[in-house]
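Q: Residue numbering for the sequence shown follows the working numbering, starting at -16 and increasing by one per position. Where is the CB? At the ideal position from N, CA and C, for every residue including glycine. What follows is a single structure, and I will ask about it in a moment.
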Amino acid sequence: MLAYLARREEMRRFFRARTGGREDVETLMRRLLDKARQADGEAIEDPSVRLYHLASSLLRDRPRAAARDPSWVRTLDTLPPMTRQVFRLHRFEGLTQTEIADRLGLSRRAVEILIGEAITRLLRARQRQDGEDT
């Protein structure tokens, strides 16, 4: 807990930098606080390293949470099949771009482009949905 309290603003910047400022950083901070509370009292060699590990874990879990969001699932379903497959392998199964390229017989650059295309379309869909919600 002390590491969290001492590095609260640093962790906020960490999340903001990795989400492009588009995610709800405060939601990530609350989740990090919950995880820090759960670990409170454990014998941890380097609490700062553990804090970053917890924060990174939260960031890795975001795609899985998004996969449960019906609006994201609908948008994923509209992607071209190869784009959808590449995106799912990367974001949900955690494969690297090189691993995906090898598995699907694509160049690494093609995988990079397909992931970028998927992210762009998903972000646009999210922005349209946010605009409709207001």
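Can threonine 66 and leucine 87 be called in contact, C-beta distance under 8 Å?
A: The residue labelled residue 66 in the question sits at position 83 within the sequence shown. The residue labelled residue 87 in the question sits at position 104 within the sequence shown. Against a cut-off of 8 Å, the Cβ pair of leucine 87 and threonine 66 comes out as no contact.
Q: Any contact between the stretch 33 to 41 and the stretch -9 to 2? By contact I mean 3 or more CB pairs, one from each, below 8 Å.
A: Result yes; three or more Cβ-Cβ pairs closer than 8 Å.
Q: Please look up how many angstroms separate the CB atoms of phenylalanine 75 and alanine 101, rounded, as I've assumed it's under 8 Å.
A: The count along the sequence shown starts at 1 and reaches residue 75 at position 92. The count along the sequence shown starts at 1 and reaches residue 101 at position 118. Incorrect: roughly 11 Å between the Cβ atoms, too far for contact.
Q: Starting from leucine 11, trace the alpha helix (DSSP H) in both directions and tell me its first and last residue.
A: Residue 11 sits at position 28 when you count from the first residue of the sequence shown. Where leucine 11 is concerned, the enclosing alpha helix (DSSP H) stretches over 8 to 22.
Q: Determine the DSSP secondary structure at serine 40, reduced to helix, strand or coil.
A: For this step, residue 40 is matched to residue 57 along the sequence shown. Helix.
Q: Report the three-state DSSP secondary structure of alanine -11 (helix, strand or coil).
A: For the purposes of this step, residue -11 is taken as residue 6 along the sequence shown, with counting starting at 1. DSSP places alanine -11 in helix when its eight states are reduced to three.
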